[in-house]
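The next block holds one structure in the form of structure tokens; read it before the comments.
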Amino acid sequence: MNDGGMSDDDPTRDGVPRRRRRRLVVALDGPASSGKSSVGAAAARDLGYRFCDTGLLYRALTDLALRRGVDLSDPAGLLPLVDEVQLAPDSGGRLSRVLIDGVDMTADVRRPEVDRAVSEVSRVPEVRAALLARQRALAASGGILMAGRDIGTVVLPGADIKIFLDASAEERARRRTEERGLAADSAEAVAILDDLHRRDELDRNRPVAPLRAADDAVVISTDGNTFEQTVAAVVAAIRRAERAG
Numbered sequence: 047m048n049d050g051g052m053s054d055d056d057p058t059r060d061g062v063p064r065r066r067r068r069r070l071v072v073a074l075d076g077p078a079s080s081g082k083s084s085v086g087a088a089a090a091r092d093l094g095y096r097f098c099d100t101g102l103l104y105r106a107l108t109d110l111a112l113r114r115g116v117d118l119s120d121p122a123g124l125l126p127l128v129d130e131v132q133l134a135p136d137s138g139g140r141l142s143r144v145l146i147d148g149v150d151m152t153a154d155v156r157r158p159e160v161d162r163a164v165s166e167v168s169r170v171p172e173v174r175a176a177l178l179a180r181q182r183a184l185a186a187s188g189g190i191l192m193a194g195r196d197i198g199t200v201v202l203p204g205a206d207i208k209i210f211l212d213a214s215a216e217e218r219a220r221r222r223t224e225e226r227g228l229a230a231d232s233a234e235a236v237a238i239l240d241d242l243h244r245r246d247e248l249d250r251n252r253p254v255a256p257l258r259a260a261d262d263a264v265v266i267s268t269d270g271n272t273f274e275q276t277v278a279a280v281v282a283a284i285r286r287a288e289r290a291g
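In my numbering, the protein residues as written are 47 to 291.
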């Protein structure tokens, strides 16, 4: 008997016996504003997994470089900043807090200036190489859902399951516009769509780790989905992988 009186043969709420369940390494990729962070965090909570949004590392580095006046394409200026950036767990155990020199800067890394600049920093090969080992170390013990744009193709090519969240630029822009309380026909809304097109172009055509779905990824199109429907689709895909063992 264990786990408060349950035997290893007792089913969990979805009918999978505990002894047959594996705590998987899950790679979750997708373009900018496709919902990776919010969907991934919610799915991880439902599954009892840890969650890591690797984009926060790039955002934090970008935020720090902007504040220090560092050239965003200069490896010599960017690399010394890498060790100043750390991810920390929130109250739910998700690695969703950004610490810079021990100070919580989570809110700052979401500012529009970082939105516009992060793709440039993430294109620098030396930066990606410097963050690679850190990301792999986080996933080493399993039971984690790691979100980014090259997790299934570069960071964790041996992940137990790879999921690619896809959505049109128009759908992603609509969601972001609504989140910010902007009118759909406002100049700000147009700028959001233009910026997403620009970031997609940069991410898909960068020479190192371009954005693409892994060949063996489960592709989930989220156009027209509610948030809850997308979370349910991600959880279902992972549950199927757990059953498959």
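Virtual Cβ for every residue (Gly too), placed ideally from N, Cα, C. Owing to the predicted nature of the structure, the values given are computational and were not obtained by experimental measurement.
- Residue Asp269 holds the alpha-carbon nearest to the alpha-carbon of Ala213 among Arg221, Leu257, His243 and Asp269.
- With fewer than 16 other CB atoms across the displayed protein chains lying within 10 angstroms of its CB, Pro171 is exposed.
- Every alpha helix (DSSP H) stretch that sits fully inside the segment 206–237 and reaches 4 residues is listed by chain position as 215–225.
- A check of alpha carbon separations from Ala78 across Leu127, Ala263, Arg156 and Ala186 identifies Arg156 as the nearest.
- Val116 is not a Cβ neighbour of Thr276, given a cutoff of 7 Å.
- Collapsing the DSSP output to three states places Val71 in a strand.
- The Cβ atoms of Cys98 and Leu184 sit closer than 7 Å to each other.
- In the structure shown, Gly194 adopts extended strand secondary structure according to DSSP, grouped into three states.
- Shown here for Ser119: same chain residues with a beta carbon closer than 7 Å to its own, the five before and five after excluded, namely Glu166 and Val170 in chain order.
- Bounds of the alpha helix (DSSP H) holding Arg105 are Gly101 to Arg114.
- DSSP, reduced to helix, strand and coil, places Ser267 within a strand of the structure shown.
- Judged by DSSP in its simplified three-state form, Ala89 adopts helix.
- Between the alpha carbons of Ala205 and Gly138 lies a gap of roughly 23 Å.
- Under the three-state reduction of DSSP, Ala134 is assigned to strand.
- Residue burial annotation: Glu247 is exposed, with fewer than 16 other C-beta atoms found within 10 angstroms of its C-beta.
- Counting the other CB atoms within 10 Å of its CB gives Asp136 a total below 16, which places it among the exposed residues.
- Spanning the alpha carbons of Ser232 and Arg226 requires a straight line of approximately 12 Å.
- Of the candidates Ala193, Asp249 and Arg96, Ala193 places its Cα closest to the Cα of Leu103.
- Leu202 has no beta-bridge partner at all, per DSSP.
- When secondary structure is reduced to three states using DSSP, Asp161 falls in the helix class.
- Contact between Leu191 and Ala89 holds, with the beta-carbon distance rounding to 6 Å and staying under 8 Å.
- Ile146 has Val131 and Val149 as its beta-bridge partners, per DSSP.
- Less than 7 Å separates the beta-carbon of Ala260 from that of Thr199.
- Under DSSP, Phe97 takes part in a beta bridge, and its partners are Leu191.
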